[in-house]
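Engineer: Take a look at this one; I'll ask things after.
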Amino acid sequence: MNRTGPAVVAEDLRKRYGDTVALDGFDLTVPAGTVHGLLGPNGAGKTTAVRILTTLTRPDSGTARIAGYDVRRQAMEVRYRIGLVGQHAAVDEILTGRQNLVLFGRLQHLGAATAERRAEELLATFRLTEAAGRPVKEYSGGMRRRLDLAASLILAPPVLFLDEPTTGLDPRGRNEMWDAVRELADAGTTVLLTTQYLDEADQLAEHISVLDGGRVIADGTPDELKRRIGADRLDVVVHDTADLPAAAEVVRAVAGADAETEPDRRRVSVPVRDRMAALTELVRALDDAGIAAEDVALRRPTLDEVFLHLTKKEVHS
Amino acid sequence: MSTPTFVVPGTPRERLRWAVADGWMMTRRDLMHWANQPGLVVAGLLFPVMVMLMFGYLFGGAMSAPGGNYREFLVPGVLALSMVFGIEATFTAISTDVARGVTDRFRSLPMASSAVVVGRSAADLLNAVLTLAALVAAGLAIGWRWHGGLAAAFAAFGLLLLLRLAMLWMGIYLGLVLRSAESVMALQILVWPLGFLSNAFVPPGTMPGWLGTAVEWNPLSATVAATRELFGNPAWAGESWPAQYPLLTALLWPALFIAVFAPLSIRRYRRLSR
Numbered sequence: 002m003n004r005t006g007p008a009v010v011a012e013d014l015r016k017r018y019g020d021t022v023a024l025d026g027f028d029l030t031v032p033a034g035t036v037h038g039l040l041g042p043n044g045a046g047k048t049t050a051v052r053i054l055t056t057l058t059r060p061d062s063g064t065a066r067i068a069g070y071d072v073r074r075q076a077m078e079v080r081y082r083i084g085l086v087g088q089h090a091a092v093d094e095i096l097t098g099r100q101n102l103v104l105f106g107r108l109q110h111l112g113a114a115t116a117e118r119r120a121e122e123l124l125a126t127f128r129l130t131e132a133a134g135r136p137v138k139e140y141s142g143g144m145r146r147r148l149d150l151a152a153s154l155i156l157a158p159p160v161l162f163l164d165e166p167t168t169g170l171d172p173r174g175r176n177e178m179w180d181a182v183r184e185l186a187d188a189g190t191t192v193l194l195t196t197q198y199l200d201e202a203d204q205l206a207e208h209i210s211v212l213d214g215g216r217v218i219a220d221g222t223p224d225e226l227k228r229r230i231g232a233d234r235l236d237v238v239v240h241d242t243a244d245l246p247a248a249a250e251v252v253r254a255v256a257g258a259d260a261e262t263e264p265d266r267r268r269v270s271v272p273v274r275d276r277m278a279a280l281t282e283l284v285r286a287l288d289d290a291g292i293a294a295e296d297v298a299l300r301r302p303t304l305d306e307v308f309l310h311l312t313k314k315e316v317h318s
Numbered sequence: 002m003s004t005p006t007f008v009v010p011g012t013p014r015e016r017l018r019w020a021v022a023d024g025w026m027m028t029r030r031d032l033m034h035w036a037n038q039p040g041l042v043v044a045g046l047l048f049p050v051m052v053m054l055m056f057g058y059l060f061g062g063a064m065s066a067p068g069g070n071y072r073e074f075l076v077p078g079v080l081a082l083s084m085v086f087g088i089e090a091t092f093t094a095i096s097t098d099v100a101r102g103v104t105d106r107f108r109s110l111p112m113a114s115s116a117v118v119v120g121r122s123a124a125d126l127l128n129a130v131l132t133l134a135a136l137v138a139a140g141l142a143i144g145w146r147w148h149g150g151l152a153a154a155f156a157a158f159g160l161l162l163l164l165r166l167a168m169l170w171m172g173i174y175l176g177l178v179l180r181s182a183e184s185v186m187a188l189q190i191l192v193w194p195l196g197f198l199s200n201a202f203v204p205p206g207t208m209p210g211w212l213g214t215a216v217e218w219n220p221l222s223a224t225v226a227a228t229r230e231l232f233g234n235p236a237w238a239g240e241s242w243p244a245q246y247p248l249l250t251a252l253l254w255p256a257l258f259i260a261v262f263a264p265l266s267i268r269r270y271r272r273l274s275r
């Protein structure tokens with residue numbers, strides 16, 4: 002096995018379902034030991050990409066290798082080295098948590114004693130020891146996800162795929178999942194996770210690929226992506242909603258760019274180039290116009306704004 | 002944990018060992034289901050017994066069977082019908098796994114791809130044997146006997162299990178196609194008329210001519226007629242081909258179902274990777 006090479010490589014993957022193009026020349030390289038986020042809206046091709054990389058779906062064309070093994074020709078080798086957490090908790094509802102983990106361990110050809118020992122370890126790691134003897138149908142959503150993740154880690158796979166791992170979880174469950182992913186990454190597991198939530202990618206991933214229309218349209222660290230739309234942003238929160246149009250006009254004049262207005266937050270937001278000059282000038286202009294500002298602040302753009310910016314550009318080009 | 006050794010089987014012998022080991026694990030999964038839900042297993046066994054008692058005693062008094070004893074006539078009918086009912090269990094198990102993503106988990110594991118089907122077949126056939134045992138015990142209790150010797154009786158049970166195997170493949174196929182466990186309702190609506198449009202409860206000779214002929218061609222009727230013959234239980238004489246050759250028909254119908262639905266199921270299973 003190639004230990005120094007990238008954990009995941011995809012080259013020009015293509016997949017269509019009838020008239021729908023799911024992947025349209027998908028390229029990806031994930032270095033071993035890193036957390037990589039695949040970010041995109043519904044239908045961008047995230048799940049198709051993960052299904053191909055985990056040997057569940059055959060691509061129409063293109064190649065993909067996991068830890069050096071080809072997903073089509075060496076599927077069994079790949080399966081020994083990956084864990085997959087899909088959008089549903091793919092565990093047996095009738096079996097207990099412990100029975101699930103032993104079953105999946107045995108199906109990966111662990112001996113009975115090893116499978117049982119490994120199950121106990123994982124139950125303890127994911128705080129499921131107490132519930133281990135109860136059927137999974139009595140578990141909460143968060144517990145199911147933890148069991149699902151545990152079931153994906155039985156062979157301590159070097160590469161873990163998480164397909165929208167926090168969909169449908171409450172904030173507490175989501176934080177638990179994030180902590181688990183961070184611990185795995187710290188221990189050296191390569192993680193590829195898909196998400197529609199920008200803060201999730203920002204929180205977990207060292208590197209992000211933005212996916213739209215089955216292709217990667219932007220790539221980089223979260224900071225790089227934020228820098229891609231160039232500027233910091235200047236936010237003005239007005240005291241009175243009625244002042245919003247006037248404030249937007251002032252902001253536009255100062256920044257030389259169209260401002261975005263968010264009425265429910267009483268906020269006007271605009272990208273600026275020269276941070277301090279813009280700030281000073283804006284405060285003065287607002288004062289001249291007689292608009293009472295509650296807050297004026299400079300900030301880095303959020304990934305939401307990055308994403309809208311990138312996909313909008315895609316539509317125009 | 003100690004690093005496990007990744008052995009991907011290369012020779013046919015090693016592949017067979019994987020297939021057997023993984024198929025057995027999948028069978029054990031179902032046995033664990035039974036152990037976790039003993040109430041459901043018992044209810045599943047009691048239901049056909051209840052049907053037998055209901056027809057034997059509530060309707061039986063008003064029924065006249067060829068050769069006299071209606072309960073002797075009825076038992077082979079319920080035995081075969083219970084094999085047809087089995088399709089619901091197969092269907093539910095397969096479609097639930099597909100819908101919950103459990104099938105995908107199995108497919109992402111380094112295991113023999115035949116294990117899902119092998120485990121399903123072994124567990125369902127084992128359940129069918131238990132069902133037949135419960136029905137035979139209840140049948141003996143209400144006065145049913147076989148008169149044709151032990152070998153003939155075993156041949157009859159063989160035909161019944163063959164019918165269950167045919168239903169198994171059909172259930173696997175439908176489970177993969179419909180992918181929703183709720184569709185079992187639709188299946189029940191189809192299974193019941195199939196049960197009544199047969200010779201299980203009444204002789205086709207008492208029905209309007211065209212309907213009687215259709216009923217004689219029902220695959221279920223073939224197995225019922227054949228088992229009646231093998232058990233030496235009262236039967237009726239029919240004019241149609243299947244009524245003339247019940248044993249042959251009881252082999253041909255299930256064989257045809259398996260020949261159609263086994264390849265279709267395997268194709269459908271492979272298409273999950275599309």
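First to last, the protein sequences are chains A and B. Mind the numbering: the first sequence is residues 2 to 318 in the working numbering, read in order. Mind the numbering: the second sequence is residues 2 to 275 in the working numbering, read in order. Quick reminder that beta carbons are idealized off the backbone N, C-alpha and C, glycines included. Predicted, not measured: the structure shown is a model, and the values here were computed from it.
Just the C-alpha distance for B/E230 and B/M55, rounded to the nearest angstrom, thanks.
Structural biologist: The alpha-carbon atoms of B/E230 and B/M55 are separated by roughly 24 Å.
Engineer: Return the first residue and the last residue of the beta strand (DSSP E) that A/F162 is part of.
Structural biologist: That run of the beta strand (DSSP E) goes V160 to D164.
Engineer: For B/E73, collect the residues of the same chain with a Cβ closer than 8 Å to its Cβ; drop the 5 residues on either side in sequence, then sort them by chain order.
Structural biologist: These residues qualify, in order along the chain: A66, G144, W145, R146, N234 and P235.
Engineer: Taking any Cβ of chain A, which residues in the region 152 to 182 of chain B have a Cβ under 7 Å from it, in chain order?
Structural biologist: Cβ contacts with chain A come from no residue of the region 152 to 182 of chain B.
Engineer: Helix, strand or coil for A/G63 per DSSP?
Structural biologist: Looking at A/G63 - three-state DSSP - the assignment turns out to be strand.
Engineer: How many angstroms separate the CA atom of A/L96 from the CA atom of A/A152?
Structural biologist: About 13 Å.
Engineer: Taking only the alpha-carbon atoms, compute the straight-line gap between A/A125 and A/G106 and give it to the nearest angstrom.
Structural biologist: Cα-Cα distance, rounded: 16 Å.
Engineer: Against chain A, does B/V99 count as a neighbour if the rule is that its beta carbon must be under 8 Å from one of theirs?
Structural biologist: It does not: the Cβ of B/V99 has no partner Cβ on chain A nearer than 8 Å.
Engineer: Would you say the region 173 to 190 of chain A touches the region 67 to 83 of chain A, given that touching needs at least three Cβ pairs under 8 Å?
Structural biologist: Segments in contact, no.
Engineer: Grab the span of the alpha helix (DSSP H) containing A/D288 for me, first residue to last.
Structural biologist: Per DSSP, A/D288 belongs to the alpha helix (DSSP H) from R276 to A290.
Engineer: Measure from the C-beta of B/M2 to each C-beta in chain A and report whether the shortest distance is under 8 Å.
Structural biologist: Since pLDDT at B/M2 reaches only 45, below the 50 mark, its modelled position is unreliable, and no value is offered.
Engineer: Could you please tell me which residues of the region 19 to 49 of chain B, in chain order, have their CB closer than 7 Å to any CB of chain A?
Structural biologist: The region 19 to 49 of chain B vs chain A, Cβ under 7 Å: D23, M26, R30, M33, H34, N37 and Q38.
Engineer: Have a look at the DSSP bridge pairing and note the partners of B/Y270.
Structural biologist: Answer by DSSP bridge pairing: none, since B/Y270 is not bridged.
Engineer: Smallest Cα separation from B/R121: which of B/M51, B/L151, B/S222 and B/W170?
Structural biologist: Minimum Cα distance to B/R121 is reached at B/W170.
Engineer: From this set, B/F155, B/A167, B/T228 and B/M186, which residue's C-alpha is nearest B/L257's C-alpha?
Structural biologist: Residue B/A167 is the option with its Cα nearest to B/L257.
Engineer: Of all the CB atoms in chain B, is at least one closer than 8 Å to the CB of A/E78?
Structural biologist: Yes, because at least one Cβ of chain B sits closer than 8 Å to the Cβ of A/E78.
Engineer: Going by DSSP in three states, B/Y174 sits in which element: helix, strand or coil?
Structural biologist: B/Y174: helix per DSSP, three-state reduction.
Engineer: Compare the C-beta of A/Q204 with all C-beta atoms of chain B and state if any pair is closer than 8 Å.
Structural biologist: No, no contact with chain B.
Engineer: Beta-carbon within less than 7 Å of A/T35's beta-carbon, same chain only, minus the 5 sequence neighbours each way: which residues are those?
Structural biologist: Result list for A/T35: T191, E207 and H208, in chain order.
Engineer: Cα separation between A/Y140 and A/D71?
Structural biologist: Taking the straight line from one Cα to the other gives about 37 Å.
Engineer: Is it buried or exposed, B/S222, if we count other Cβ atoms within 10 angstroms and call 16 or more buried?
Structural biologist: Counting Cβ neighbours within 10 Å, B/S222 comes out buried, since at least 16 surround it.
Engineer: Spatial neighbours of B/A156 within its chain, please: CB distance less than 7 Å, with the 5 preceding and 5 following residues excluded, ordered by chain position.
Structural biologist: Closer than 7 Å at Cβ, skipping near neighbours: L231.
Engineer: So who's on the other strand from A/G84, going by DSSP bridges?
Structural biologist: The partner list for A/G84 (beta bridge, DSSP) reads A/L161.
Engineer: Would B/F7 pass as an interface residue toward chain A - the criterion being a Cβ-Cβ separation below 8 Å?
Structural biologist: Yes, B/F7 counts as interfacial toward chain A.
Engineer: Compute the beta-carbon to beta-carbon distance between A/Q100 and B/M33, rounded to the nearest angstrom, for a pair I have assumed lies under 8 Å.
Structural biologist: Rounded, the Cβ-Cβ distance is 6 Å, consistent with contact.
Engineer: What's the C-alpha gap between A/V255 and A/E295?
Structural biologist: Using only the alpha carbons, I get a separation of about 18 Å.
Engineer: Just to check my reading of the structure: A/R266 and A/D233 have Cβ atoms closer than 8 Å, yes? What is that Cβ distance to the nearest angstrom?
Structural biologist: Rounded, the Cβ-Cβ distance is 18 Å, inconsistent with contact.
Engineer: What residue range is occupied by the uninterrupted beta strand (DSSP E) comprising A/D216?
Structural biologist: Here residue 216 of chain A is Arg; the residue named in the question, Asp, does not match the sequence. Start and end: R216 to G221.
Engineer: Cβ closer than 7 Å: which chain A residues qualify as neighbours of B/P111?
Structural biologist: Simply M77, R80, Y81 and Q109.
Engineer: Does the count of Cβ pairs from the region 132 to 147 of chain A and the region 46 to 64 of chain B closer than 8 Å reach three?
Structural biologist: No, because fewer than three Cβ pairs between the region 132 to 147 of chain A and the region 46 to 64 of chain B fall closer than 8 Å, the two stretches do not touch.
Engineer: Taking contact to mean at least 3 C-beta pairs separated by less than 8 Å, is the region 251 to 269 of chain B in contact with the region 209 to 229 of chain B?
Structural biologist: Output reads yes: the region 209 to 229 of chain B touches the region 251 to 269 of chain B.
Engineer: Alpha carbons only, please: which of A/D224, A/T56, A/D213 and A/L212 is nearest the one belonging to A/Q204?
Structural biologist: Selected option, being the one with the closest Cα: A/D224.
Engineer: Along chain A, in chain order, which residues have C-beta atoms closer than 7 Å to that of B/R108?
Structural biologist: Neighbours of B/R108 on chain A, chain order: L57.
Engineer: Classify A/R300: buried if its beta carbon has 16 or more other beta carbons within 10 angstroms, exposed otherwise.
Structural biologist: Its Cβ having fewer than 16 others within 10 Å, A/R300 is exposed.
Engineer: Residue range of the beta strand (DSSP E) that A/F27 falls in?
Structural biologist: Unbroken beta strand (DSSP E) run through A/F27: T21 to V31.
Engineer: Run down chain A in chain order and give the residues with a C-beta less than 7 Å from the C-beta of B/D105.
Structural biologist: What B/D105 touches in chain A: L57, G87 and A91.
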